[in-house]
Structure formats: structure tokens, C-alpha cells
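Residue numbers (this note's numbering), protein chains in the order written: chain Y, 1 to 459; chain P, 460 to 690. Even glycine gets a Cβ: it sits at the ideal position worked out from N, Cα and C. Source: prediction; values computed, not measured. First up is the structure itself, then whatever we jot down about it.
Below, the structure written as C-alpha cells:
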């Protein structure tokens, strides 16, 4: 038997007490580990939100949300100011238009429903009341949205955040005037359009270069054309309704947003997804802080438990320490024995803690996130961020909030999974070693003070 | 073997200084069995602590086997306690979660002896003090007082020390068991040529030792002759 095996056996000299200590240590270490896992999971989510937000700024005309409101589109001068702003590397521009059956020979794939009919009445000088005489004809279908886009494959052209992918055909150069178009898959299916087919809009025959899927019914009911083509055919030369500015780095988001707001004044709304998710991130960061402090607290608790335990153990075994020294044990040897005892309790506590931590991490994380859900799912104005398939809160430039949910950024916050990996196990063991060392040091300090002669005095 | 010269030990607590051992000089030859007698508080245990290197004297010198304890550094004192001295305590002071054999092996582990040698020596010593194999594997809690003191004596002998210091080794035992323990120590003194110094208040035991030293208020009152406790 050596000093270490003696230490291990010493830890279980009083079995009930030893297991009680291991249980308490296990709970503390388990809580610390759960908090560490929650901290890590939330941190990863913050990272993914930040990376998904990207480095873009959206500029829309003031007072316009899709086809609601009023005011003027962005002008050539304003676009020039945007392009001249520091840190902006490129811009994607979109001019949004709507065509009804008089302007395009395609039929909308979206049924009018009560919402569409209400919109019709409102736009034809009527009221929202269903008995209004300006009711739409029975064959009415909602207008089709036309996007004149300088970068047709940009996700921003979808106006609802879905990732645009070409399901067939190819894209075109959005900066050159040409009678070509990309058609949403739902709209194409409704009108039996294939790549190479033609349709008429603005009195011009367009060729379908490709079909796209943006992941939602609203966006898939749209037509994308080159920006100059839409500007010319809709008599809006140089006008755009949305500019997406790409920055050299997301670090410059805030400063560039401020610069744009100064340059454009109250003529344009400047927003970033970072603005929209700021509240959500703040909530997540708050969870991260709570989990960090809880982890530190739980680790400190474990240390205090072990520290008090070791103080109790060495005090009640003062005579034994004296005997060991009297019969020839050095301070180091006795310290090693008691250190081994502390380490045995800690390692077993860590094992119990890792089991508790592994099982408890996901529920603890969910609890932390759910408790903050009421904050995290509201934007800065307190409005609930929601997205329902088939409708959009607004059209181009107004679908930003929907875009957040559409790309899963916010929705995913509720589904945080805390995963245990090797690194976490190592952290757990490292934490246990720190706790064990703290307990051992207390024991060591006490042991060093015990004089062997005390065993004679105790006789 | 053991020579003590003008040894004094004072303890200070606040403004109070107590002289526990006062200007003691004595000499014990190799292989002799000596006893120290005196009333409670007379300084017997303090003297034993000083002889065992557990306490440092305030003044004076102790020479054991030609080495002066006053000149030994901490590390050398540990080695001294481990190899030159064997302690037997009144309360046995065995480690409760170790078996009798493991208790005996402890000092040998401290002196760096190999495991198999420790095992053999422990079995041999325990057999020598009269504990059979079954009792050798028992923990102290399952041994009688006399048996525990036998284990303590075996532990004291483990490293073949030149000097055994026993503090009231029969103090917790009944008369018959005490006599047996004394006989055991006496025989060991003879067979192993080990110097034994026993602190006792039992004058009948003291009377059977080769030398008896009587302490009173920390001072050596009178050196007694063998077989005559003289109290």
C-alpha cells in the first residue's frame, strides 16, 4: 500500500459521509457543467446569429413599406451617396412593381382570399367593409410582384428572406436592359411556364431564363427582371425601392449605418438585421452571463464544500497526522495522502457531476432560454416577430422582420441543444482538479502546522 | 547510546513561561531498559518528546547514537524519527482504517523499504509480539487494547530502531495485560539489543528496569538504581 492508495481508502473511512460529500460535490460540479454547456450552446448560437446577420445594410425610401405608405423611391443621387459611403464595397438594387392582369398575362398562384379582396377594395377607392360596392370581380387574383434586380440571385430580391435558389435554367445580368426573367416556381407551375417559355409584361414579351425557389409561397409568386428593364418599362428611370449595401466588415455596421443616416437624412430608412436581432442577442448574452456566473458560483460552491470537508477531516484527524509525523512521515508524504483523499472525493464528485451535467444541460439551457423568450422574440418596438407562410407583413423592403424568422435565426433560438463533447469532459475534469487542488491546499496548510509533539500532548 | 546534557524546555504562552524540563542530564547505555517516573505534569512526556526529536529543546543537548539532535535539520530529524527511534504511545495511536499488518508496514514505507520486505517484516514482527495471521489482518477496532499495544510495539520495531521511547505503554491496560506488554518490551530489549526508555507512573514496572529516572517539576530528582524505585 502506498500513500495514494492509503489516501483513496482514507476518503472512504466514513462511507456515509464520503458519499454525502461526493453527492454534494456532484451536484455542484453538475450544475457548473450544465451552466458551462449552456454557456457554450448560447455562445455558439450568438455566433451563428451574428454570422447570419452578415455585413449588409438595407436602405429603403422613407415612408414606404412595400406598396403601403407613400413617398418617393430612392433616387440616383441618393444611390450615389450610398455608394460613396465609406466601407460600402458593393450595392444590390431592387425596384419593386406590381402588375395586375392588365399588365401581365400571368395568373397569380396565390388565391385572393379575404385579405386580397380587402386590399383590392382599399386600392380601388373603397373601404375595408366587405359589403363595399368596390368589391373585386369573382375572377380577381392578387397582382404579381415584379422585382427589377441588379443582382437577381441575391436573397434580398425575394423580399421575404427565403434563400433563393435556381431550380432550373440560369440567371441573367441584372444591370443590363433585356427582356428576360426569372419566375418563381409556384407562379411558373400555375401558368405552365418552363425555361425558354415566354410571357408578356408591360406590353413586352419576356423569355423565362430560369425558375427559382425562394422557400415560401409569396416569393415564389414573383417575377425577377433586370433592374434597367423594370425602371424603363415602369417609367421610373433611376429609381429603386431597396438598396442592399455590402460592407467590407461587419465590424463597421454601426458606424456605416450612422454615416448613411446622416447622408440620407429623413428621406430614407436605414436598417440592418443587426438592429433587428440586437434585442434577441442582448437576451442571449444575458443568458450567457447568467450561465457564466452560475458556473463560477457552482464551481466556487464545490470548492467551498471540499474546502470545509478537508478542514473538518484534517482537524478531526490531527492526532493521526501527529502520529504519522512522529513515526517518520514527512510533511510532503502526509500532504500527499490527504491530497489523494481530496482528489478521490473530487474525481468521484466530478464523475457524478458529469452525469448530472450531461443529463441536465439541455433542460437547464431550455429553461434559461424559455424564461427569456418573451424578450427575445420581440423587436425593439415590442412587436412580436412572426412569419406565416403565404403572407408577408409587407413587400420588398418591408419583409425584414419576416426575413429573420424566415432564415431561422430567431426561430432557432428556442431550439438550443447543449451537447457534451470531449472538450467539455476535459473542462469538467480540469474544474474538478482545480476544486480538488483548492481542497488539498487547505489540508496541506493545516498539515504543515501540526507538530508531531501534539500527539504526545493529546495522550 | 543516549546522552542528555543540561536539557531544558520552556513553553511560553502570552506573558507566562513554563519550564517543563529543567537542566536535565542523564545517560543510558545501548541495550538498556530505562524508566522515567514522576507525577502527572512533572515533565516526563515532554522529556520523551525531546528525546524523540518531536520538540526542540530551549537549551542543552541530546546525543543519540553519536548524533546531536540539536544539529539536525528538519529533513534529518524526520530521518531520525523514522530510522533511529520507535515510538509506543499510551493510546496505541494506530491508524484505524489500516489493518494491523499495514500499520506495522507504515514506518518501513516511510523509510523506503520495498513492499515485499515490508510485508515479510510486518508478519514476522506481529508473530513475534504474539498476533496470529487472523489478527494481523484485522483493523485496530477489532483488536483488544493489549493486542493494539502489541501492534504498536511491532510498529515501533519495524525499522529496527536503536532506541524505543514508550509513553505509558501500559497506562490503558489492565494489570495482567500491562505486565505482559512490559515483559514483551523487556524481552525485546534483550533479544534485539534495543535501548528502551519507558515513561510510567507504575513504580512496580519502573522497579524492574535497568535504570530509573525520577522527575519532579521538570527536574531530575534522583537517579535510581536497578530494582529500587525508591519512592
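Can you give the Cα-Cα distance for residue 118/Y and residue 70/Y, rounded to whole angstroms? 19 Å
Is residue 234/Y a contact residue of the ligand MN, with contact defined as CB to any heavy atom under 8 Å? You won't find the ligand MN in this model; it holds no ligand whatsoever.
Considering Cα atoms alone, identify which of 525/P, 477/P, 592/P is closest to residue 488/P. 525/P
At 3 residues or longer, what runs of the beta strand (DSSP E) sit wholly inside the stretch 240–268 of chain Y? 242–247
Going by beta-carbon coordinates alone, are residue 22/Y and residue 349/Y separated by less than 9 Å? yes
Taking the alpha-carbon of residue 647/P as reference, which of 499/P, 621/P, 532/P has the nearest alpha-carbon? 621/P
Whole angstroms are fine: how far does the CA of residue 306/Y sit from the CA of residue 658/P? 41 Å
Among 199/Y, 450/Y, 279/Y, which residue has its Cα nearest to the Cα of residue 49/Y? 279/Y
Mind checking if residue 377/Y is an interface residue toward chain P, Cβ cutoff 9 Å exclusive? Per-residue confidence for residue 377/Y stands at a pLDDT of 42, beneath the threshold of 50, marking its modelled position as unreliable; no derived number is given.
Pairwise C-alpha distance: residue 217/Y and residue 403/Y: Caution applies to residue 403/Y, whose pLDDT of 40 falls short of 50 and renders its modelled position unreliable; the value that the coordinates give is listed next. Distance between the alpha carbons of residue 403/Y and residue 217/Y: 14 Å.
How many whole angstroms separate the CB atoms of residue 490/P and residue 653/P, which I take to be in contact at a CB cut-off of 8 Å? 7 Å
Interface residues of chain Y facing residue 597/P [CB-CB closer than 8 Å]: Residues of chain Y passing the Cβ test: none, with the nearest at roughly 15 Å.
Please list, in chain order, the chain P residues whose beta carbon lies closer than 8 Å to that of residue 330/Y. 534, 537, 569
Residue 165/Y to residue 242/Y span [Cα, whole Å]: 20 Å
Interface flag, residue 555/P vs chain Y, CB-CB below 9 Å: yes
Within-9 Å CB hit, residue 327/Y to chain P: yes
Quick one: Cα of residue 625/P to Cα of residue 656/P, how far? 6 Å
For residue 348/Y and chain P, any beta-carbon pair shorter than 9 Å? no
Starting from residue 92/Y, follow the beta strand (DSSP E) in both directions and report where the run begins and ends. 88–99
Given this structure, state the Cα-to-Cα distance separating residue 644/P from residue 596/P, to the nearest angstrom. 23 Å
Using a beta-carbon distance below 9 Å, is residue 323/Y in contact with chain P? yes
Whole angstroms is fine: what's the gap from residue 207/Y's alpha carbon to residue 173/Y's? 14 Å
Residues near residue 469/P in its chain [Cβ-Cβ closer than 8 Å; skip 5 each side]: 476, 477, 478, 479, 517
Would you tell me roughly how many angstroms separate the C-alpha atoms of residue 310/Y and residue 607/P, rounded to the nearest one? 28 Å
Rounded distance between the beta-carbons of residue 463/P and residue 544/P, thought under 8 Å: Not confirmed; about 14 Å, so no contact.
Any chance the stretch 210–228 of chain Y sits against the stretch 182–196 of chain Y, with 3 or more Cβ pairs inside 8 Å? yes
Grouping DSSP H, G and I as helix and E and B as strand, with all else coil, what is residue 172/Y? coil
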